[in-house]
Amino acid sequence: MGEYADYALATTTFSARGPRSRRRPPTCPKCGERAKRSETRFGARYDCCGLWSWGRHPLVDARTHAMRLRAHQAFDRLWMSRLMRRGEAYAALAAELGIPKHECHMKLMTAEVAERVPRAVVAISLRARQAAAAALTAPPMQ
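Quick note, the sequence shown lines up with residues 1083 to 1224 if you use the working numbering.
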């Protein structure tokens, strides 16, 4: 099993209703306290000191959330355009940003990295379109 699978198994308990996570709420990087959970129409949200997260991810500020949203919108257009599959798009994005593929997910990005995503997506799209056009105009193989 991979490192994540080991962690997930170690932090999960099983009951008659199925698996339940034993992970604790995120800790606030400003004050060191555990974040408070609130239920919203979008699911569980954890808040503390003006920072928040969806689920039990690390707490971040409004700017980071805004940059991640813009990054996600740009990235989704890339793979939904069918220029490449989603996994290929993540691999291309990681290479373009110069980060490891396992760190290439919007919920893990800092505001600074997420801010670079829309421009990276434009570059990836351009190369993918050029490759597709070249493949269409290439002479047939004999």
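Note that beta-carbon positions come from the ideal geometry of N, C-alpha and C, so glycine has one too.
### Query
Can you pull the DSSP bridge partners for ARG1127?
As a working note, residue 1127 is residue 45 in the sequence shown. Note: ARG1127 sits in a beta bridge opposite SER1120, TRP1136.
#### Entry: Secondary structure of THR1109, DSSP reduced to three states
Here residue 1109 is taken as the residue at index 27 of the sequence shown, counted from 1. Strand, per DSSP.
### Query
When DSSP builds the beta bridges, which residues end up paired with VAL1199?
Within the sequence shown, numbered from 1, the residue matching residue 1199 stands at position 117. DSSP lists no partner for VAL1199.
### Task
Note down, in chain order, each residue of its chain lying with its Cβ closer than 6 Å to the Cβ of ALA1171, except the 5 sequence neighbours on either side.
Numbered from its first residue, the sequence shown carries residue 1171 at position 89. Same-chain partners within the cutoff: LEU1160, TRP1161.
### Query
Does the stretch 1123-1139 come close enough to the stretch 1173-1180 to have 3 or more Cβ pairs within less than 8 Å?
At 8 Å Cβ cutoff, the stretches do not touch.
#### Entry: VAL1204 in three-state terms, based on DSSP
As a working mapping, residue 1204 is identified with position 122 in the sequence shown. Assigned with DSSP and collapsed to three states, VAL1204 falls in helix.
### Task
Just list the alpha helix (DSSP H) runs in the stretch 1155-1203, keeping only unbroken ones of 4 residues or longer that don't cross its boundaries, in chain order.
Within the stretch 1155-1203, the complete alpha helix (DSSP H) segments of 4 residues or longer fall at 1168-1179, listed in chain order.
### Query
What number of angstroms, rounded off, separates the C-alpha of LEU1165 from the C-alpha of ALA1117?
As a working note, residue 1165 is residue 83 in the sequence shown. As a working note, residue 1117 is residue 35 in the sequence shown. Answer to the nearest angstrom: the Cα atoms are 40 Å apart.
### Query
Which same chain residues, not among the five before or five after ALA1205, have their C-beta less than 7 Å away from its C-beta?
Here residue 1205 refers to the residue found at position 123 of the sequence shown. Contacts found: GLU1178.
### Message
Can you find the residues in the same chain that come closer than 6 Å, C-beta to C-beta, to CYS1186, ignoring five residues on each side of it along the sequence?
### Response
The sequence position of residue 1186 within the sequence shown is 104, counting from 1. Take CYS1186, set aside five residues on each side of it, and the residues of its chain with a beta-carbon closer than 6 Å to its own are TYR1172, LEU1175, ALA1176, in chain order.
### Query
Rounded to a whole number of angstroms, what is the C-alpha to C-alpha distance between ARG1105 and LEU1141?
What you label residue 1105 is simply residue 23 of the sequence shown in a count that begins at 1. What you label residue 1141 is simply residue 59 of the sequence shown in a count that begins at 1. In a straight line, the C-alpha of ARG1105 is about 15 Å away from that of LEU1141.
### Query
If ALA1196 sits next to MET1149, beta carbons under 8 Å apart, how far is it from one beta carbon to the other, in whole angstroms?
Locating residue 1196 in the sequence shown gives position 114, counting from the first residue. Locating residue 1149 in the sequence shown gives position 67, counting from the first residue. That belief holds up - the Cβ atoms of ALA1196 and MET1149 are roughly 4 Å apart, short of 8 Å.
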